[in-house]
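Under mature numbering (1 follows the signal peptide of the UniProt record, and there is no 0), residues -32 to -1, 1 to 210 are what the sequence shown spells out, in order.
Here a beta-carbon is modelled for each residue, glycine too, at the ideal position from N, C-alpha and C.
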Amino acid sequence: MPLRHSPFTLFALLLALAWIGLLMAISLPADAQTPATRAGAAPTAPATPAPAAQAMHIEADALRYDDQRQISVFSGNVVLTRGGITIEGERIEVRQDPQGYQYGHITAALGERARLTQLREGMNETVVAESNTIEYDGRADVFKLLGDARLRRLRGGAEADYMSGQVIVYDNLRDIFTIDGAKTNGAVPTRPNTDTRVRATLSPRTAVQPAQTGAAPDPNGNTELNLRNDPRLAPTPARGAR
């Protein structure tokens, strides 16, 4: 005798199958979903690596690598590039800690200076720094310029700021410059007859343009108001006068 199902039984069976399909679609991994399933998800743009995570590229005449100590020594016209930063010197020693952070010690040739150049994206600015020695801390993203350090900030190719001292610390993450004119290495004082004064020339970011009045500026600094006649301000003629 054939089995007969009531309409209510068929409806309950279809409803159960629908719930099972819905649960399977929800639990389906993202990589196993069909393009139609993923159509509603917006694509995720790749994140820009942090400065400390960017690769370091170095060119030199010679290289000595110590794998046990994780130290690389580059010598002879060395050029180090990392993101928008370029460092030039005669010798660069690069050390890497167990966490993967890199530290650099850059020295210049006799009679020359180590040089750091940074192109600042989106700001139309370039930072150019020179000193006898440059140290780089990859974990903190901090540069130390040691010994007769000088730093210039260029805007649109023209020099805007100038700073000099025995030690300049440049915090690349926070964009902070610290200048010390008294010492070059920890508590060790500078040599006698060494200039230990800190000097800085800072320019405003936006110069105030003088008003265009048609008259040449007064060399003595006096300001002349350019007034014009207004018929509404003419004196009222006396009553009875023509």
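Between Arg63 and Ile39, is the Cβ-Cβ spacing less than 8 Å? yes
What does the alpha-carbon distance come out to for the pair Glu58 and Pro172? 36 Å
Inter-residue spacing [alpha-carbon to alpha-carbon] between Val137 and Ile55: 15 Å
Limits of the unbroken beta strand (DSSP E) element including Arg118: Val110 to Arg123
Compute the distance between the beta-carbons of Arg88 and Gly52, then report whether it is under 8 Å. yes
Excluding five sequence neighbours on each side, which residues of the same chain lie with their C-beta closer than 8 Å to the C-beta of Asp65? Gln38, Tyr71 and Arg107
For Ile147, tell me which candidate among Arg81, Gln67 and Leu113 has the shortest Cα-Cα distance. Leu113
I'd like the list of long-range same chain contacts for Ala168, defined as Cβ closer than 6 Å, with 5 residues on each side in sequence excluded. Met131
With H, G and I counted as helix, E and B as strand and the rest as coil, what does DSSP make of Val137? strand
Per-residue burial, Ala77 [other beta carbons within 10 Å of its own, 16 or more giving buried]: exposed
Under 8 Å by Cβ, that's how I've got Gly133 and Gly115 pegged, so tell me the actual separation to the nearest angstrom. So it is not a contact: roughly 10 Å between Cβ atoms.
For Asn140, count neighbouring C-beta atoms within 10 Å of its own C-beta (all shown protein chains included) and say buried if the count is 16 or more, exposed if not. buried
For Met131, write down the residues that DSSP places opposite it in a beta bridge. Leu119 and Ala168
Under 8 Å between the Cβ atoms of Arg81 and Glu98? yes
Give me the Cα-Cα distance between Glu93 and His25, rounded to the nearest whole angstrom. 22 Å
My assumption, with CB atoms under 8 Å, is that Glu27 sits in contact with Val41. Please give the rounded CB distance. 14 Å between Cβ atoms; not a contact.
In whole angstroms, what separates the C-alpha of Asp29 from that of Phe145? 32 Å
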